[in-house]
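Using the numbering used here, read the sequence shown as starting at 14 and increasing by one per residue.
Backbone N, C-alpha and C define an ideal beta-carbon position, used for all residues, glycine too.
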Amino acid sequence: LVSVPVFKGKYDYDLVVVGGGSGGLACSKEGKQRASVGVILSIGTKWGLGGTCVNVGCIPKKLMHQSALLGGAVKDAAKYGWSIPDKVSHDWTSMSSAVQNHVKSLNWGHHVALECAGFLTGIGLDTTIMVRSIALRGFDQQMAGLVTAHMASHGTQFLWRCIPKKVEKLPSGALQVTWADTNSQCEEQATFDTVLWAVGRAPETRSLNLEGVGVAHNKDTGKIIVTEDEATSVEHIYAIGDIGEGRPELTPTAIKAGRLLARRLAGISSELMNYHNVPTTVFTPLEYGCVGLSEEEAERRHGKDGIEVYHAFYKPLEFTVAERDASQCYIKVVCKRDGDRRILGLHFTGPSAGEVVQGFALGFQCGATYSDLLATVGIHPTCAEELTKLHITKRSGLDATVTGC
């Protein structure tokens with residue numbers, strides 16, 4: 014999104030917002046309380062208001078994830094005494110229609126690949142993921158390993174360190190995929206009904222004619238270079254949301270940044286968006302939520318001897334009667350080793366990870382320490398309470414499996 018404040022008397026608007034995503038809508042709604050605002054929509058896209066998140070991102074993704082979770086719940090139901098028919102099937106068309114109807118309602122109202130593979134496996138489809146190097150780049154890699162291990166144990170197949178070479182449509186209608194193993198350099202082939210490219214997104218900046226007005230941008234990524242107050246290289250032009258170089262591609266950050274920018278432009282606030290320690294969740298079958306630094310990044314910044322990692326493997330109560338495997342349900346809190354042991358990163362895999370991490374993110378923003386965590390009374394029986402009971406460090410080498418009170 015690019016926002017261009019224009020002074021009265023020269024043009025029709027005080028603020029022109031280019032882009033109808035979450036950040037653009039938040040900025041325009043906040044701005045219209047004090048000024049005249051114009052919004053230019055849908056540059057390079059075929060959908061309506063709401064941007065990536067509403068139309069093809071987190072909203073439809075989580076609804077499909079919920080569909081897969083319900084499938085798992087049906088399997089658990091028999092263990093809890095429910096009589097379930099022998100054959101329970103999933104109707105893709107019904108689910109897709111319901112999800113799209115909800116998306117359209119959001120359009121009117123407003124107006125990564127593991128997650129996809131996870132819910133596709135969850136609704137009973139044979140799914141294979143091709144990974145070029147590592148999974149969940151930018152996230153804590155121990156946690157990423159737990160997520161992929163859980164997926165593999167539930168039927169998702171992985172092709173590690175492979176690069177696709179070509180996709181050919183066979184006379185039968187099937188798709189033949191050829192790929193190269195990066196270790197052996199050997200080429201292999203297999204056929205699939207559908208191929209989903211989950212290789213990230215590219216910003217639609219070419220149609221903005223950034224060169225024509227002199228806005229500096231990264232020619233490789235297409236993203237706009239911004240300062241800490243969202244300013245570009247051209248006076249009175251600002252950029253927020255996914256389009257900003259180095260900004261997290263998350264809806265809540267775009268919304269908050271848009272509101273704060275509108276307030277600064279109106280002269281009623283000087284508050285800047287804090288892009289550090291933004292909480293997020295990966296909605297894989299076993300959800301992964303986190304806030305702060307990964308263990309790798311904390312070690313890079315503070316040294317291996319400068320951090321302490323408290324961790325635990327736990328079993329959600331809901332998994333017990335259903336006899337579900339809980340070997341990847343894990344909690345890790347990375348702290349500074351000296352002083353008050355300030356928390357640097359918090360990581361959680363398990364049910365409702367997003368709901369759990371959202372709450373702890375508040376304490377994190379307030380500078381929570383390990384002592385603060387221990388002083389917090391847990392709610393029993395919940396998964397989140399295990400965070401308040403962490404006492405075993407990785408350094409100790411002791412078994413981190415939770416055994417009881």
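Distance from the Cα of K328 is smallest, within the candidate group L127, L400, R145 and A381, for L400. Spanning the alpha carbons of S282 and G37 requires a straight line of approximately 19 Å. Boundaries of the alpha helix (DSSP H) harbouring L159: Q154 to S166, taken from the DSSP string. Nearest to E336 by alpha-carbon distance, out of A90, G51 and I72, is A90. Inter-segment contact for the region 306 to 321 and the region 145 to 161 is present: three or more beta-carbon pairs are separated by less than 8 Å. For R276 against E43, the beta-carbon gap comes to about 6 Å, under 8 Å, which counts as contact. Following the DSSP letters along the chain, one finds A366 inside the alpha helix (DSSP H) bounded by residues A366 to Q378. Residue environment for S41: buried (at least 16 other C-beta atoms within 10 angstroms of its C-beta).
Short of 6 Å from the beta carbon of T266, and not among the five residues preceding or following it, lie these beta carbons of its own chain, in chain order: V291.
Between G135 and L172, the C-beta gap is not smaller than 8 Å, which leaves the two residues out of contact.
Note that the region 316 to 331 does not touch the region 175 to 189; fewer than 3 beta-carbon pairs, one per stretch, sit closer than 8 Å.
For G131, the uninterrupted alpha helix (DSSP H) run begins and ends at L127 to G135, by DSSP.
Ranked by Cα distance from P394, the options G235, L274, F332 and G34 are led by F332. When DSSP states are grouped into helix, strand and coil, C40 belongs to the helix group.
The Cβ neighbour count for K345, taken over all protein chains shown within 10 Å, is at least 16; the residue is labelled buried. Taking Q170 as the centre and dropping the five residues before and after it, the same chain places the C-beta of T141 closer than 6 Å to its C-beta, in chain order. DSSP, read as helix, strand or coil, puts K236 in coil. The three-state reading of DSSP puts W210 in coil, since its state is none of H, G, I, E or B. With contacts defined as CB atoms closer than 8 Å, H230 and I238 qualify as a contacting pair. Note on G227: under 16 other CB atoms within 10 angstroms of its CB, so exposed under the neighbour-count rule. Around V160, the same chain offers L127, A148, L149, V295, T297, L299, Y301, Q341 and T362 as residues with beta carbons nearer than 8 Å, after the five sequence neighbours per side are excluded.
Secondary structure note for P265: its alpha helix (DSSP H) is the uninterrupted segment T264 to L278.
Inclusion of M77 and V125 in the CB contact set at 8 Å is not warranted, their separation being larger than that value. In terms of CA proximity to Q46, A279 leads the group C396, L386 and A279. M156 places its beta carbon less than 8 Å from that of H360. Secondary structure in the region 268 to 338: the beta strand (DSSP E) runs of 3 residues or longer, each lying completely within the stretch, are 293 to 295, 301 to 305 and 320 to 326 in chain order.
Pairing T414 with S107, the inter-Cα distance amounts to about 41 Å. Pairing D318 with L274, the inter-Cα distance amounts to about 40 Å. Ranked by Cα distance from S96, the first of H103, W105, A86 and A366 is A86.
R260 is classed as buried because its beta carbon has at least 16 other beta carbons within 10 Å across all chains shown. Cβ neighbours of Q378 within its own chain (closer than 7 Å, five residues either side excluded): N290.
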